[in-house]
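Under the numbering used here, the sequence shown has 1020 at position 284, and the numbering climbs by one with no breaks. Input: a single structure, listed below in C-alpha cells.
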Amino acid sequence: MPFYVLIRTRMPGYVAGSVARIEENNYPSIEAMSSQQDEKFMRMALTEAKKALGQTSPNPAVGAVLVIDDAIVSKGHHRGAGRDHAEVECLRNFDLPVPAGATLYVTLEPCSTQGRTAACTDAILQARVRNVVVGAIDVNPRHCGKGISQLRNAGVKVQAGVLADDCAQINEAFNKWIVTGHPFVIAKCGMSLDGRLVRPAEESPWITPRSARRHAHQLRAHVDAILVGAKTVRVDNPRLTVRGVPQARQPWRVVLTRSGKLPESAYIFSDRFSSRTVVYKNKSLGAVLKSLGEKGVTSVLIEGGGATLGRALDARLIDKVQLYLGQILTGGPIIAFPGRGAENAANSLRLRKVSYEQIGQTVCITGYAEIRSSK
Ligand code: AOF
Ligand code: ZN
C-alpha cells in the first residue's frame, strides 16, 4: 500500500492536498495486526501522551511506557518543546539497565535526527532497548519513516501502527501544520436549534450549561490561538481565556478587523494576558492563517462571530467543526455561518467522522471537513 494511503486512512484531520509533498520512499511496513497486549500498553502510553496535550506546541503530544514481564516499569511524556521527548523521559525515569526482554511503547515514531533535542533513536539504542512498539508514524518529513528504519537497521524489533488512528488523532493539528505550514482550523460556536448563533459557548449562561462551558474551555486549552472578528469584540467583549483547566497556557487571541476600531477597554486588550492579543487589519482570513502558521501556530480555534465563521466556510478553510446546540429556537437574523454559502447541496461542506455527545441538555457535534478530490 502506498504510504500516502496509509496517511489518509490513519491520520484524521490530515489534508490530502499536502500528502503529495511527502515523497514515497524509505517508509517502513506497518503491521496492522497487533495483540491485545500491545494495544493495552499502547493505551497506557496514550494516557501519558494526553497529559502533554496543550503543552508541547509546536511539537506533538507524545507518551511512552516501558514494559518488563507484562508490567509497566516506567512512564514518560513530552512536557514541552525543547524538553526531553517522551521516550527519553521514560527511559530516564527507569534508571536501570534495560533487560533484553523489555519493550518500549511510544505513541509516535521516535525522532531520528537532532532538533532542539538529540535524536530519540540514539537514546533508544544507547539504552539497549531491543523491542519497540510504535503507534503513529511521524509525518514530519525530517523523521517520517526514518526513525523506524534506523532502529530496525540497528537490529531492534519494531512493530508500528498499533492504535495508529488514536495516536495520530491527538496530534491532528501538528500533523497538518508540520507538512503544510498552515494551522489546523477548528470552527466552534454555540447555536440554537434553528441555526442561529448564540454568544460564545463559554461566555453565555443561557445556551450552554456549566458542563458544556467546561468542555469548551478544555478545547481552548488545547489550541495555540483563538480567532474572532472585530464585531464579536465590540458586541460580546469575550475574555477568550482558559478557565478551570489546571496548567493551561493562554492561547494567542487573534482579532480580524477592517476598520481597526476596537475598544481599548475590551478584556482582551486590558487583562493580564493583553500581550497575548494580536490584531490583523484588512487581511484575508487565508493570509492571517498563513502568517500564524509561519509563527509556529499549529491550531486556530475560530469562535465567531457569524461573519468570520461564514468567511471561513466560504473559503473552505475549516478542518474541523465543534458545534454546541442548545435546546432553544431563537429565530432572527444572526445566522451561525452566513457568508455567500454553497451554490447547491453538492458543493456544501460535508463532514466525516461525525460524533454527537450529549452534555446536559446541549448536544456537541464534532466532525471533520471532507477532503474533496480535485476532479
Ligand atoms: C518523539 N518523541 O516526544 C516528540 C517528538 O526539536 P525537537 O528535538 O524537540 O524535535 C521536534 C520533532 O520531533 C517534532 O517536530 C516531531 O517530529 C518529533 N517529536 N518525537 O519521538 C517526542 N515530541
Ligand atoms: Zn524524539
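Every residue, glycine too, gets a C-beta built ideally from N, C-alpha and C.
* **Three-way DSSP call (helix, strand, coil) for residue 969 in this model** => If you number the sequence shown from 1, residue 969 lands on position 233. Here residue 969 sits in helix by DSSP.
* Asked: Alpha carbon to alpha carbon, what distance is there between residue 782 and residue 796?
  -> Numbered from 1 along the sequence shown, position 60 holds the residue referred to as residue 796. Numbered from 1 along the sequence shown, position 46 holds the residue referred to as residue 782. Residue 796 and residue 782 have their C-alpha atoms some 12 Å from each other.
* To do: Determine the burial state of residue 831: buried for a count of at least 16 other Cβ atoms within 10 Å of its Cβ, exposed for fewer.
  => What you label residue 831 is simply residue 95 of the sequence shown in a count that begins at 1. Result: exposed.
* Should residue 847 be counted as a contact of the ligand ZN given a C-beta to heavy atom distance under 6 Å? -> Walking along the sequence shown from the start, residue 847 turns up at place 111. Yes, Cβ of residue 847 sits closer than 6 Å to a heavy atom of the ligand ZN.
* Verify whether the separation of the beta carbon atoms of residue 989 and residue 1013 is less than 7 Å. => On the sequence shown, position 253 is the one that residue 989 refers to. On the sequence shown, position 277 is the one that residue 1013 refers to. Yes, these two residues count as a Cβ contact at 7 Å.
* Asked: Who are the near neighbours of residue 1074 in its chain, counting only those whose CB is closer than 6 Å to its CB and skipping five residues on each side?
  -> As a working note, residue 1074 is residue 338 in the sequence shown. Hits under 6 Å: 1042 and 1046.
* Candidates 813, 1006 and 928: closest to residue 969 by CA position -> If you number the sequence shown from 1, residue 969 lands on position 233. Closest by alpha carbon: 1006.
* When DSSP builds the beta bridges, which residues end up paired with residue 1091? -> Indexing the sequence shown from 1 puts residue 1091 at position 355. Residue pairing by DSSP puts residue 1091 in a beta bridge opposite 1102.
* To do: Assign residue 900 to one of three DSSP states: helix, strand, or coil.
  => Numbered from its first residue, the sequence shown carries residue 900 at position 164. The answer is helix: DSSP assigns residue 900 an H, G or I state.
* Same chain, Cβ closer than 6 Å to residue 1093, five either side skipped, listed in chain order -> Residue numbering aside, residue 1093 sits at position 357 when the sequence shown is read from its first letter. Here the set comprises 1100.
* Pick from 892, 981, 884 and 926: whose alpha carbon is nearest that of residue 1064? -> One-based indexing of the sequence shown puts residue 1064 at position 328. Closest by alpha carbon: 926.
* Asked: What's the C-alpha gap between residue 886 and residue 776?
  -> One-based indexing of the sequence shown puts residue 886 at position 150. One-based indexing of the sequence shown puts residue 776 at position 40. Distance between the alpha carbons of residue 886 and residue 776 is about 26 Å.
* C-alpha distance - residue 1088 paired with residue 863, whole-angstrom precision -> Along the sequence shown, read from residue 1 onward, the residue named residue 1088 stands at position 352. Along the sequence shown, read from residue 1 onward, the residue named residue 863 stands at position 127. A straight line joining the alpha-carbon of residue 1088 with that of residue 863 spans about 42 Å.
* Any heavy atom of the ligand ZN closer than 6 Å to the CB of residue 856? -> For the purposes of this step, residue 856 is taken as the residue at position 120 of the sequence shown. Because some heavy atom of the ligand ZN lies under 6 Å away, the Cβ of residue 856 counts as near it: yes.
* Do you know offhand how far residue 972's Cα is from residue 1070's? -> Indexing the sequence shown from 1 puts residue 972 at position 236. Indexing the sequence shown from 1 puts residue 1070 at position 334. Looking at the two C-alpha atoms, the distance is approximately 14 Å.
* Asked: Would the beta-carbon of residue 851 be found less than 6 Å away from any heavy atom of the ligand AOF?
  -> Stepping through the sequence shown from its first residue, residue 851 is reached at position 115. Because some heavy atom of the ligand AOF lies under 6 Å away, the Cβ of residue 851 counts as near it: yes.
* Asked: Exposed or buried, what is residue 823 when buried is set at 16 or more other beta-carbons lying within 10 Å of its beta-carbon?
  -> Start at 1 with the first residue of the sequence shown, and residue 823 comes out as number 87. The residue in question, residue 823, is buried, as its Cβ has 16 or more Cβ neighbours within 10 Å.
* **Where the alpha helix (DSSP H) containing residue 951 begins and where it ends** => Within the sequence shown, the letter at position 215 stands for residue 951. Where residue 951 is concerned, the enclosing alpha helix (DSSP H) stretches over 946-957.
* Assign residue 1030 to one of two classes, buried (16 or more other C-beta atoms within 10 Å of its C-beta) or exposed (fewer than that). => Within the sequence shown, the letter at position 294 stands for residue 1030. Answer is exposed; the Cβ neighbour count stays below 16.
* Asked: Given residue 767, which residues of its chain have a CB within under 8 Å of its CB, disregarding the five upstream and five downstream residues?
  -> By one-based count along the sequence shown, residue 767 stands at place 31. Any answer about residue 767 is weak, because its pLDDT of 48 lies below 50 and its placement is not dependable; what the coordinates show is given next. Closer than 8 Å at the Cβ level, and outside the excluded window around residue 767, lie 895, 896 and 897.
* For residue 883, name the three-state secondary structure that DSSP assigns. => On the sequence shown, residue 883 is found 147 positions in, with the first residue counted as 1. Three-state DSSP puts residue 883 in a helix.
* Give the DSSP-derived three-state secondary structure of residue 989 in the structure shown. => Locating residue 989 in the sequence shown gives position 253, counting from the first residue. Residue 989: strand per DSSP, three-state reduction.
* With a CB to CB cut of under 6 Å and the five nearest residues on each side skipped, what residues in its chain are close to residue 1032? -> Taking the sequence shown and counting its residues from 1, the one referred to as residue 1032 is at position 296. These residues qualify, in order along the chain: 794.
* Output the distance between the C-alpha atoms of residue 818 and residue 878, rounded to the nearest integer angstrom. => Here residue 818 is taken as the residue at index 82 of the sequence shown, counted from 1. Here residue 878 is taken as the residue at index 142 of the sequence shown, counted from 1. Taking the straight line from one Cα to the other gives about 17 Å.
* Helix, strand or coil at residue 1015 according to DSSP, with G and I counted as helix -> Here residue 1015 refers to the residue found at position 279 when the sequence shown is read from its first residue. Residue state, collapsed to three classes: strand.
* To do: Could you say which of 976, 951, 952 and 947 lies nearest to residue 961 if we only look at CA atoms?
  => Here residue 961 refers to the residue found at position 225 when the sequence shown is read from its first residue. Measuring from the Cα of residue 961, the nearest candidate turns out to be 976.
* Asked: Going by the CB atoms, is the gap between residue 1072 and residue 931 shorter than 7 Å?
  -> Within the sequence shown, numbered from 1, the residue matching residue 931 stands at position 195. Within the sequence shown, numbered from 1, the residue matching residue 1072 stands at position 336. Yes. Within cutoff.
* Helix, strand or coil at residue 1029 according to DSSP, with G and I counted as helix -> Position 293 of the sequence shown, counted from the start, is the residue given in the question as residue 1029. Helix.
* Are the beta-carbon atoms belonging to residue 1118 and residue 904 less than 7 Å from one another? -> Outside the displayed range of the chain (737 to 1111) lies residue 1118, so it cannot be described from this structure.
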